[in-house]
Structures are given as C-alpha cells and as structure tokens.
Amino acid sequence: MNRQLFLIFSLVALLHVPVATGQMAIRIDHDENDCVDGWISMDVRVQVGFETFDFNPSCSFSFNDSFATEDGIQCEIAAGMCSAFSPYNRIEVSCEDGSSDGVDVKCPD
Numbered sequence: 078m079n080r081q082l083f084l085i086f087s088l089v090a091l092l093h094v095p096v097a098t099g100q101m102a103i104r105i106d107h108d109e110n111d112c113v114d115g116w117i118s119m120d121v122r123v124q125v126g127f128e129t130f131d132f133n134p135s136c137s138f139s140f141n142d143s144f145a146t147e148d149g150i151q152c153e154i155a156a157g158m159c160s161a162f163s164p165y166n167r168i169e170v171s172c173e174d175g176s177s178d179g180v181d182v183k184c185p186d
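Start counting at 1 in the sequence shown, then tack on 77, and there's your number in this note's numbering.
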C-alpha cells in the first residue's frame, strides 16, 4: 500500500498537477524570440491539465481569446503588444478555477 501511494504521489509530482487545490496545471510553450526574429505573430501552445490549445497572438497588437476545457473550465489567454516603451511582451493564461501562468516574450528594438 505504501509503495502504491508513493508511486501515485511521484507521478503527480512529475506531472506538476496540483492535488489539494483542485486547480488545473497550466503550461505555456513558446519561442520568446518570435517577435525579435521578425515574425508577425507568435506560435503559442497552452497546456491546461492534459489538454493542448494552440494560439497565434500578434507581435504588434493586443490579443485576447477565451477557450474551455473538455471539463467545462473557462480560460482566457491575453497578450499585450510590443512597443518602444517595453523590451518585453507578456502572455498570461488564467482559468476560472484560479489557476494561471504567464511568460515573457522579447520585443524587437
């Protein structure tokens, strides 16, 4: 029994899935240099729990979109636009269960 519990908690720790809070684990994958390298949009992959969502926010305009998981949890992705006043843009994902994550994106000079 102890070995089974150990294996379960080890698996949960490896997957970074919150246990007690009921929140979904969020992961944002992107190339932070997309805008610096001259692309007009970024390739962003968001993982919420075990589901994956793909987005292409613009490097030049603010971006907002919403999506729902198969379990019905509503989430929102938002990205600011690059400007001369900020060397970084930020992508934020938040879900109605309170889970959230954010990453920086480099802006062109």
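A virtual CB, placed ideally from N, CA and C, is assigned to each residue, including glycine.
Nearest-angstrom Cα separation, counted from residue j out to residue i
| i | j | result |
| --- | --- | --- |
| Phe140 | Cys152 | 14 Å |
| Phe127 | Gly149 | 14 Å |
| Asp114 | Gln100 | 35 Å |
| Gln124 | Ser160 | 28 Å |
| Ala102 | Val170 | 11 Å |
| His107 | Glu147 | 23 Å |
| Thr129 | Pro185 | 28 Å |
| Cys205 | Ala145 | An answer regarding residue 205 cannot be provided, because it is not within the stretch 78 to 186 covered by the chain. |
| Lys183 | Trp116 | 12 Å |
| Cys109 | Ser118 | Reading off the sequence shown, one finds Glu at residue 109, where the question assumed Cys. Rounded to whole angstroms, Glu109 to Ser118 spans 11 Å at the Cα level. |
| Val180 | Asp142 | 16 Å |
| Phe132 | Met158 | 15 Å |
| Pro134 | Arg104 | 16 Å |
| Asp120 | Ala156 | 12 Å |
| Asp174 | Arg122 | 20 Å |
Counted within 10 angstroms of its Cβ, other Cβ atoms place residue i as buried (16 or more) or exposed
| i | result |
| --- | --- |
| Ile168 | buried |
| Ile154 | buried |
| Cys172 | buried |
| Asn166 | buried |
| Ser176 | buried |
| Asp68 | Shown here, the chain extends from 78 to 186; a query on residue 68 therefore has no answer. |
| Phe138 | exposed |
In DSSP terms, what residue i is bridged to
| i | result |
| --- | --- |
| Asp47 | This structure gives no information on residue 47, because the portion of the chain shown stretches from 78 to 186. |
Inset, instruction - Please specify which runs of the beta strand (DSSP E), each continuous and at least 3 residues long, are wholly inside the segment 95-176, giving them in chain order. - result: As far as the segment 95-176 is concerned, its whole beta strand (DSSP E) runs of at least 3 residues are 103-107, 121-125, 128-132, 140-145, 151-156, 165-172.
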